[in-house]
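Protein sequences, first through last, are from chains A, B, C and D.
Position 301 (the first sequence) corresponds to 331 in the numbering used here; numbering is contiguous.
Position 95 (the second sequence) corresponds to 125 in the numbering used here; numbering is contiguous.
Position 142 (the third sequence) corresponds to 191 in the numbering used here; numbering is contiguous.
Position 185 (the fourth sequence) corresponds to 234 in the numbering used here; numbering is contiguous.
Don't be surprised by glycine CBs; every beta carbon is placed ideally from N, CA and C.
To keep things clear, I will list the structure first and then write my remarks on it.
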Amino acid sequence: MNKVRTLEFDEAIDDALGQAMAANPRVMVIGEDVGMIRHNLLVRFGRERIKSAPISESAFVGAGVTAAMAGLRPVVEVMIVDFIGVAMDAILNHAAKIKSFSGGKWNVPMVVRAACGGGYGDGGQHEQSLWGWLAHIPGLTVVVPSTPADAGGLMLAAIESDDPVIFLEHKLLSPSWLDFMGRGGRSTVEFDVPPTGTMGECPKKWQPLAIGKAACRREGEDLTLVSVGVGVHRCLEAAQELAKQRISASVLDLRSVVPLDKDILYEQILKTKRLIVVDEDYQGFGLSGEVAAVALESGLKFSFARVCTKQTIPFTRHLEDQVLPNTQRICAASIALMQN
Amino acid sequence: MNKVRTLEFDEAIDDALGQAMAANPRVMVIGEDVGMIRHNLLVRFGRERIKSAPISESAFVGAGVTAAMAGLRPVVEVMIVDFIGVAMDAILNHAAKIKSFSGGKWNVPMVVRAACGGGYGDGGQHEQSLWGWLAHIPGLTVVVPSTPADAGGLMLAAIESDDPVIFLEHKLLSPSWLDFMGRGGRSTVEFDVPPTGTMGECPKKWQPLAIGKAACRREGEDLTLVSVGVGVHRCLEAAQELAKQRISASVLDLRSVVPLDKDILYEQILKTKRLIVVDEDYQGFGLSGEVAAVALESGLKFSFARVCTKQTIPFTRHLEDQVLPNTQRICAASIALMQN
Amino acid sequence: MQPDLWSLYRLMLYSRRFEEAVAALWHAGHISGEMHLGIGEEAIVAAVVSQLEDQDAMALDHRGTPPLLMRGVDPVRLLLEFLGHPDGLCGGHGGHMHLFSVKHLSASSGIVGASGPSAVGFALAAQHLRPGSVAVAFFGEGALNQGMLMESMNLAAAWHLPVLFVCKDNEWAITTKSATVTGGNLMNRAGSFGMKTMAVDGSDIEACWQSAWEALCQTRDNGEPVYLHASCIHLEGHFLGDQLIRTSRHPVKEMRKMTGPLMRSFAKMHGSNVRKRMGGLRHILATIQNIRTQMSIKRDPVVILRQKLHGEELQLKLLEDKIDTEIEQVLEACGLADVKVNDE
Amino acid sequence: MQPDLWSLYRLMLYSRRFEEAVAALWHAGHISGEMHLGIGEEAIVAAVVSQLEDQDAMALDHRGTPPLLMRGVDPVRLLLEFLGHPDGLCGGHGGHMHLFSVKHLSASSGIVGASGPSAVGFALAAQHLRPGSVAVAFFGEGALNQGMLMESMNLAAAWHLPVLFVCKDNEWAITTKSATVTGGNLMNRAGSFGMKTMAVDGSDIEACWQSAWEALCQTRDNGEPVYLHASCIHLEGHFLGDQLIRTSRHPVKEMRKMTGPLMRSFAKMHGSNVRKRMGGLRHILATIQNIRTQMSIKRDPVVILRQKLHGEELQLKLLEDKIDTEIEQVLEACGLADVKVNDE
Ligand SMILES: Cc1ncc(C[n+]2csc(CCOP(=O)(O)OP(=O)(O)O)c2C)c(N)n1
Ligand SMILES: Cc1ncc(C[n+]2csc(CCOP(=O)(O)OP(=O)(O)O)c2C)c(N)n1
Ligand SMILES: [Mg+2]
Ligand SMILES: [Mg+2]
């Protein structure tokens, strides 16, 4: 049987990535500072395959697209997803469209890897989530893991996918990113890090985890909480709180925003008749709306609420904590929804 | 009384823009080829205020942001909204965020003007709509007029707005853009141009049209069709068809995607209990989802369907016509919705 | 090394005739949307493409027809693509700005400047998987103001990638004289990234071929980027139906439509002072005049090459007839046998 | 013209002490997120900012503290901003990478390269509304690989805008030696857009002042962009808590954490050959070594200027004490009177 071991979230990703790189010489990593950020991979695969880039995201993400078309399997890092703005044309008009433009004849097996999310006080240009935004563009797959085991398995699947995959790792789950951007070696700061998200059992040998399958993290009867990434852990905490008030909540971890696992969503909504989407990405025109629409389209009748980020994320920690979905807001929304 | 006259869609916009430029020397136009594309404004306001730019969208959209902060009222043209990808950082991380970052102390009164939409066979990198995508970003106003009178009034309001406004003009409504990109002077091609959208009565002196007020273009009892831009005209056609089958449809023209006019939406849904969103922008994670979520949040119960663009727009005309929302698809969805 | 002018003439003329047929089909309404031709660019394109090797890659801009034809893409499938036919090169999904051929490692984009990153990606893959192969980026001078293209030059230089950057400088970007929105000079700009640069008269196929030969050798052998700057002219304007070309060809008819609104606007109350208004007007007239002048310049590379070959009229006639026949066969294969393609 | 070295020393030292206090507060956990200091850049910043006039604008990068302080932003409100206080410069909404002052026409961004477009916009507004005023863009050498900054240089040149582009070249972009990812040379690159360029030793305030004086005169008088390249050093590394600095300061402790996984990965089955693995390892060691070397170089502009003023110890002491007191007062006003700021 496949042995297990305990890994941190980012270790798991890099471990799976390392396995993929060992198995396939076409897999390579491109990005700013990857020589240091991925130093463990660097000393195993060398500088040709862990390729440090200048601060030229539009060029190297764009280059990733054709490199992938021409036979490589690039994992292109844009550090944090907020920086994808400067490379958006490569994503919007190239990565996402070339399969369609070529009449299905040419694929873009590229992974765009980026840290995302807030909760450590870095301000609104560095803490965005943007998964729902990217998901709007047809042709992209968008993956947002919430545990180390999922993160490794999904990274492997992303690399094996023949289509472009955006792989987002939340900074609160990833100790190295959190240290890089929030902690900086300090013991004087604290973050609300979900322990089960940041460390967990992982297989010794990775298997790709099918993209597009949600996981029901908790079964409940009264309402369904749907989320991704750190939000899943906030939901689980909220569900525990709610249980004390005799409200039984399901918690659904979508794991990928595109494709959406509709079946499990329908199932849960059918059962609980109440749906709350918890989304750290911006509220409007995003994941919460899509989940609502998908459920409505299927003819389900249910009541609905959402706990999302409604505005630019403020720098100051106490406002940030209110603006990002938190357990209190989830509980309050749940209780309100139970009353109608 | 304010006299009226008949103008084409793009004439109306430029006329209102000219009025604003005459009234306020701080209003200026920036963009590629604006010297020719806005030649009528050029001969009235000169080259300093109709400023031709190199093919450097990230620089000149970014420059528009601070120019606006420093006292100008720039109307920055990115030709067609598809090209906004290369300038996305200026929109996502600057235009939309600076008011928030500055603690509300600094505004960005910039208008980003772009042609959008398909229906003339130019392929998937030149026919996108993207209004629901841009709407995801908190801090932006997104305006999509469907008639000449609205277009002029909304342009004036956009210029007067203290916050960044994305102003999208559909190419099928705008004769000059359609000639530029689709017709090229030919009499040998035909397009399904909605006549009431492309030409209409306009006031002699423009008044700003309050942004965020939808218009009910047709009152019905059985279902509500919600759309913007060309979609509104497709809905009106569909409503006529449906009337023959004794289905009475309301048609709601949102006019702005952000802000959404929720009140009129609630009113119509409450009355008709059936909602169909018709959206030329991509289906997933966009306008249709947001409308669904907003209505659900308010506690309304209704059945729902959507007719949107689900994929990269194909070049070939007959596939394009199927992929973009058309009257047949709207009718079919309406009839299906009436049956459950 | 010496070029084989006859085979180059063949490539160039074939491309010319093909695009003339495309133009006719477009005017006749058989092709939708915009249509950017490479008419006028054939020399530099032929010079480069004819010297590519099997595994070399091409990153194309919005004028992808000539390079693809010269690279050997099936003309029938290319034309079917323009016609939106399911048997087209891309199943009718791409259209003329989005042409892709896996076999020829060729990708286009309608986004100005995008051929830069695209070529870098191809070259990176070449470095890893096809050592000794190169990637070519074709673009116009206007594209050199697009950040991603400048970034790509740096990236190619920093990563030591075999990219040949080919700038086809027609001095115009749609209706904008590029010099009016460009600081410095483009040879310096490209050179400042640490690349070797070369300039050539893009209407002279022999010079183009020679430059391309040197540039490709350098790129291929040293695994370093090279910049090749070729002046050229777009005889059909920016795209088919180009308003400026229409105006310059039918000044009375087109100006009549334009003049009324223009003069009304010029004379409108409220606005800038007369000097500024005059400046605007002058700009428009100068632009139209400029295009007229440009169009009348005798820099057609196909004509110039034909003059070089002029001693051999018989052989020329044979070749030209053969190409006409081939184009007719292409049209026939596309089900367009009875479409008259020579009336505009 | 001659600079007033005393007032420049005052500006620089004040900024230095302020940022040292910020560093202490950050280490003590009072400030969240990243924190990029301008420690080491004070000379070039003081040289430029001290010569700005009332309506001039500043486009700042992620090291906005020194320019804003030197421009006269209230230090209490600045510090309160870092602390996330509602009375902060931006109400606590911005944080140190997003500092905005309407009064000082100053805007920052945490997006590398964004100060380019930002300065162009300021200069465009100046051209229309405040003729004779200029806009300054501050950025690092790494930012010059960002397309929008290159585009901005072209735009400023093409539009004849009064922008002073100031590159603070510390040779590093986070952990990347910029030379390893940059083709050509940056003076040429900037110059290729048709701008006048100047280079200066950024640790020498007199030279900086002189260059800034010339550059600003030219920009202001001719309404044309100028590029000023200043070498400098970041004594605190890229940002506070910089892993490389930590490792270079506490090699045993930090390397111990790093070494285990590194060596295990180095020795792992499957992967590249030993030569390539060694290359990777060498790269990491060289990077750490490089940082150590850089840190030990004596190029602190504040120290160097102090040496120039060293005859006047009494006046120096008075000034230094005064600044210490002022900083204490700032801390007090921020409610941090009893926070020890000198223990890291
Ligand atoms: C990013 C972007 N901006 C604008 C356009 C619109 N556009 C298409 S072609 C063109 C001019 C390109 O000029 P140049 O690079 O000189 O090429 P040419 O057309 O002259 O061959 C422009 C502005 C575009 N396609 N993409
Ligand atoms: C578009 C973008 N890419 C990457 C980053 C991450 N980043 C922040 S600072 C920095 C290095 C900047 O180097 P340089 O311009 O030399 O300035 P320095 O920090 O050395 O002053 C990087 C890569 C960013 N903020 N924005
Ligand atoms: Mg050109
Ligand atoms: Mg630097």
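Scan the stretch 176-201 of chain D for residues whose Cβ lies nearer than 7 Å to a Cβ of chain C and list them as they occur along the chain. N194, G196, M197, M199, E200
Thinking K217(C) and G251(C) are a contact (beta carbons under 8 Å), I'd like their distance in whole angstroms, please. Here residue 217(C) corresponds to residue number 168 of the third sequence, with the count starting at 1. Here residue 251(C) corresponds to residue number 202 of the third sequence, with the count starting at 1. The pair is a contact, with the Cβ atoms about 7 Å apart (cut-off 8 Å).
Selection from A323(A), D193(A), G162(A) that minimises the alpha carbon distance to K135(A): Here residue 135(A) corresponds to residue number 105 of the first sequence, with the count starting at 1. Nearest C-alpha to K135(A): D193(A).
Cβ-heavy atom distance between W37(C) and ligand 3 below 7 Å? There is simply no residue 37(C) to check, as chain C begins at 50 and stops at 393 in what is shown.
Just tell me which of L204(C), D253(C), V185(C) has its CA closest to the CA of Q267(C). In the third sequence, the residue the question calls residue 267(C) occupies position 218. Out of L204(C), D253(C), V185(C), V185(C) has the C-alpha closest to the C-alpha of Q267(C).
C-beta neighbour in chain B for E393(C), strict 8 Å: Position 344 of the third sequence, counting from 1, holds the residue named residue 393(C). In this prediction, E393(C) scores a pLDDT of 41, lower than 50, which makes its location untrustworthy; the coordinate-derived value is nonetheless stated afterwards. By this cut-off, E393(C) is not an interface position.
Ligand 1 heavy atom lying under 7 Å from the CB of F131(A): As a working mapping, residue 131(A) is identified with position 101 in the first sequence. Checking every heavy atom of ligand 1 against the Cβ of F131(A), none is found closer than 7 Å.
Going by the C-beta, is M109(A) closer than 7 Å to any heavy atom of ligand 2? Residue mapping note: residue 109(A) aligns to position 79 of the first sequence, counting from 1. M109(A): yes, Cβ under 7 Å from ligand 2.
Tell me the start and end of each unbroken beta strand (DSSP E) in the stretch 267-349 of chain A that is at least 3 residues and wholly inside, in chain order. 279-283, 286-288, 304-312, 333-339
4 or more residues per run - each alpha helix (DSSP H) lying fully within the stretch 185-271 of chain C: 196-207, 235-240, 254-271
If we require 3 or more residues per run, which beta strand (DSSP E) segments fall completely within the stretch 288-341 of chain C? none
Could you pull out every unbroken beta strand (DSSP E) segment of at least 3 residues lying fully inside the stretch 101-185 of chain B, listed in chain order? 103-110, 141-146, 171-173
Where E69(C) falls: helix, strand or coil (DSSP): Taking the first residue of the third sequence as position 1, residue 69(C) is located at position 20. Correct three-state label for E69(C): helix.
Going by C-alpha distance, which of A126(A), I110(A), G115(A), M140(A) is nearest G101(A)? Translated into the one-based positions of the first sequence, residue 101(A) becomes position 71. Taking only the C-alpha atoms, the option nearest G101(A) is M140(A).
Please classify S56(C) as buried or exposed, where buried requires at least 16 other C-beta atoms within 10 Å of its C-beta. Working through the third sequence from its first residue, we reach residue 56(C) at position 7. The residue in question, S56(C), is exposed, as its Cβ has fewer than 16 Cβ neighbours within 10 Å.
Less than 8 Å between the CB atoms is what I'm expecting for L317(A) and V307(A), so what's the real figure, rounded? Position 287 of the first sequence, counted from the first residue, corresponds to residue 317(A). Position 277 of the first sequence, counted from the first residue, corresponds to residue 307(A). Sure, about 6 Å apart at Cβ, within 8 Å.
Look at G133(B) and C139(D) and say whether their C-beta atoms are less than 8 Å apart. The residue given as residue 133(B) occupies position 103 in the second sequence. The residue given as residue 139(D) occupies position 90 in the fourth sequence. It is a contact, given that the beta carbons lie within the stated cut-off.
If the cut is a Cβ gap below 9 Å, which residues of chain B does S130(A) touch? Here residue 130(A) refers to the residue found at position 100 when the first sequence is read from its first residue. Per Cβ cutoff of 9 Å: G154, Q341, T342, I343, P344.
I think S297(C) touches R341(C), with their Cβ atoms under 8 Å apart; what is that distance to the nearest whole Å? The residue labelled residue 297(C) in the question sits at position 248 within the third sequence. The residue labelled residue 341(C) in the question sits at position 292 within the third sequence. 4 Å between Cβ atoms; contact.
Taking only beta-carbon atoms, is N123(A) less than 8 Å away from chain C? Here residue 123(A) refers to the residue found at position 93 when the first sequence is read from its first residue. Chain C, which has a Cβ nearer than 8 Å to the Cβ of N123(A), makes this yes.
Is A407(D) close to ligand 2? I mean its beta-carbon at under 7 Å from any heavy atom of the ligand. With chain D covering only 50 through 393, there is no way to say anything about residue 407(D).
Just to confirm, does S39(C) get its C-beta within under 7 Å of one of the non-hydrogen atoms of ligand 3? Nothing about residue 39(C) can be reported from this structure: the residues present for chain C run from 50 to 393 only.
Ligand 3 and E190(B): does the residue's C-beta get closer than 7 Å to at least one heavy atom of that ligand? On the second sequence, position 160 is the one that residue 190(B) refers to. No, Cβ of E190(B) sits at least 7 Å from all heavy atoms of ligand 3.
For I85(A) versus E107(A), is the C-beta distance shorter than 8 Å? Translated into positions along the first sequence, residue 85(A) becomes position 55. Translated into positions along the first sequence, residue 107(A) becomes position 77. Not a contact, by the Cβ cut-off of 8 Å.
Return the Cβ separation of R143(A) and F197(A) in integer angstroms, given the expectation that the two are a contact with Cβ distance under 8 Å. On the first sequence, residue 143(A) is found 113 positions in, with the first residue counted as 1. On the first sequence, residue 197(A) is found 167 positions in, with the first residue counted as 1. So it is a contact: roughly 5 Å between Cβ atoms.
For M84(D), the three-state DSSP class (helix, strand or coil): On the fourth sequence, position 35 is the one that residue 84(D) refers to. In the structure shown, M84(D) sits in coil (DSSP, three-state: anything other than H, G, I, E or B).
When you check each C-beta in the stretch 324-336 of chain C against every C-beta of chain D, which residues fall closer than 9 Å? none
For P238(B), collect the residues of the same chain with a Cβ closer than 7 Å to its Cβ; drop the 5 residues on either side in sequence, then sort them by chain order. The count along the second sequence starts at 1 and reaches residue 238(B) at position 208. Here the set comprises G183, L186, A187, E190.
Please indicate yes or no: does the CB of V161(D) lie closer than 7 Å to some heavy atom of ligand 2? Stepping through the fourth sequence from its first residue, residue 161(D) is reached at position 112. V161(D): yes, Cβ under 7 Å from ligand 2.
For chain A, find out if any of its Cβ atoms is closer than 8 Å to the Cβ of A77(D); answer yes or no. Locating residue 77(D) in the fourth sequence gives position 28, counting from the first residue. Output row for A77(D): interface = yes.
Residues of chain B with CB under 7 Å from H147(D), in chain order? Within the fourth sequence, numbered from 1, the residue matching residue 147(D) stands at position 98. Here the neighbours are F131.
State yes or no: is the beta carbon of N203(D) nearer than 8 Å to at least one beta carbon in chain C? The residue labelled residue 203(D) in the question sits at position 154 within the fourth sequence. It does: the Cβ of N203(D) has a partner Cβ on chain C nearer than 8 Å.
Starting from K201(B), trace the alpha helix (DSSP H) both ways and give me its first and last residue. As a first step, residue 201(B) must be located in the second sequence, where it is residue number 171. Note, K201(B): premise wrong, no alpha helix (DSSP H); not H, not E.
Applying a beta-carbon distance threshold of less than 7 Å, which residues of chain A neighbour F90(B)? As a first step, residue 90(B) must be located in the second sequence, where it is residue number 60. None at all; the shortest Cβ gap to chain A is about 15 Å.
To test your reading of the DSSP string, which unbroken beta strand (DSSP E) runs of 3 or more residues are found completely within the stretch 70-152 of chain D? 106-109
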